[in-house]
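Participant: In terms of this note's numbering, the sequence shown is residues 181 to 411. Cβ atoms here follow ideal geometry from the backbone N, Cα and C, with glycine treated the same way.
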Amino acid sequence: MRIDIISVQPNLLESPFQHSIMKRAQQKGLLQVVLHDLKDYGIGKHRQVDDYQFGGGAGMVMMVGPLSDCIEKLQKERSYDEIIFLTPDGQRLEQSISNQLSLKENLLLICGHYKGIDERIREHFVTMEISIGDFVLSGGELAAAVLVDSIGRLIPGVLNDETSALFDSFQDGILAPPVYTRPANFRGWEVPEILTSGNFPKIEEWRHEQALERTAERRPDLMDKINKHER
Ligand code: ADE
181 MRIDIISVQP NLLESPFQHS IMKRAQQKGL LQVVLHDLKD YGIGKHRQVD DYQFGGGAGM
241 VMMVGPLSDC IEKLQKERSY DEIIFLTPDG QRLEQSISNQ LSLKENLLLI CGHYKGIDER
301 IREHFVTMEI SIGDFVLSGG ELAAAVLVDS IGRLIPGVLN DETSALFDSF QDGILAPPVY
361 TRPANFRGWE VPEILTSGNF PKIEEWRHEQ ALERTAERRP DLMDKINKHE R
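1) On the criterion of 16 or more Cβ atoms from any shown chain inside 10 Å, does T376 qualify as buried, or is it exposed?
2) Can you round the beta-carbon distance between M240 and D231 to whole angstroms, since I take them to be within the 8 Å contact cut?
3) Can you look up L339 in the DSSP assignment and give me helix, strand or coil?
4) For the ligand ADE, is there any heavy atom lying closer than 7 Å to the beta carbon of I312?
5) Just to check my reading of the structure: V244 and R300 have Cβ atoms closer than 8 Å, yes? What is that Cβ distance to the nearest angstrom?
6) Flag this pair as touching only if the stretch 353-361 and the stretch 196-208 have three or more C-beta atom pairs under 8 Å; answer yes or no.
7) Whole angstroms is fine: what's the gap from L192's alpha carbon to G378's?
8) Per DSSP, W386 is paired with what?
9) If I measure Cβ to Cβ from Q212 and keep anything under 8 Å in the same chain, skipping five residues before and after, which residues do I get?
10) By Cβ distance, which residues of its chain are closer than 8 Å to I251, with the 5 residues on each side in sequence left out?
11) H226 to D217, Cα distance in whole Å?
12) Please classify A323 as buried or exposed, where buried requires at least 16 other C-beta atoms within 10 Å of its C-beta.
13) Is the Cβ-Cβ distance between S311 and L273 less than 8 Å?
14) Within 10 angstroms of the Cβ of G296, are there 16 or more other Cβ atoms? Answer buried if so, exposed if not.
15) Hey, would you say the C-beta of G239 is under 7 Å away from at least one heavy atom of the ligand FAD?
16) Starting from the C-beta of P196, find all residues in its chain whose C-beta is less than 8 Å away, skip the five residues before and the five after it, and write them out in chain order.
17) Taking the straight line between their C-alpha atoms, what separation do you get for K256 and E285?
18) Is I335 closer than 8 Å to S282 when the C-beta atoms are compared?
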């Protein structure tokens, strides 16, 4: 999969993909993340990419010209499955969205800054708008990093233990059960006995019960969804 990201601050995105799982995904050739500096498409000597908003009001708006030039240049090189704008008024990111996006070939992400982007970009180019939560970041870059990370780890072959993503919280609509590692006794704090019993069917049963209990307690809204599905 290839993910292109348009940003006025591409340096903000250099580090997140150079470590750990995202680094490995790229080394294995399963993921390619390419950053594009919008200022390269800016206007005039100052490479201007933003301007005052029509109608007045505080805050600058990212101009339609530089963004459309950049998007159209990239579209000449490949066709995108989705052009995604990261914005707090987008659709809320959920595991199911990351699952769907992990199956795509080419994604183009647009990071907003200032007061936002000229609405005409959203009307004429953007195919999906995603928010990572009900709060406002100072730019879309950190949201883009979150989105790429959540998608990247789902690409087949990226995780060493192929099954481990399947047991993540949310993957089957519920939270993950608690986990423990050695030592079995730390300052008298014991690991649940079942986990050291070697009885794997029972362990699976225990994990499922714990996951349901945790979900009911912390996220009753997710339980409602499961119950609706089962009905
Ligand atoms: N840009 C600013 N805030 C954001 C958010 N919550 N989600 C996605 N993009 C954003």
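Facilitator: In short:
1) exposed
2) Indeed, because the Cβ distance is near 6 Å, the residues count as touching under 8 Å.
3) coil
4) yes
5) 5 Å
6) no
7) Between L192 and G378, the C-alpha separation is close to 46 Å.
8) Per DSSP, none; premise fails for W386.
9) Closer than 8 Å at the Cβ level, and outside the excluded window around Q212, lie M181, R182, I183, Q206.
10) I186, I263, L288, I290, I301, F305
11) 14 Å
12) buried
13) Their beta carbons are under 8 Å apart, which means S311 touches L273 by this criterion.
14) buried
15) Of the ligands this structure carries, namely the ligand ADE, none is the ligand FAD.
16) A distance below 8 Å between beta-carbons, with the five flanking residues on each side excluded, links P196 to the following residues of its chain, in chain order: M202, A325, V328, D329.
17) 16 Å
18) Yes; because the gap between Cβ atoms is below 8 Å, this pair is in contact.
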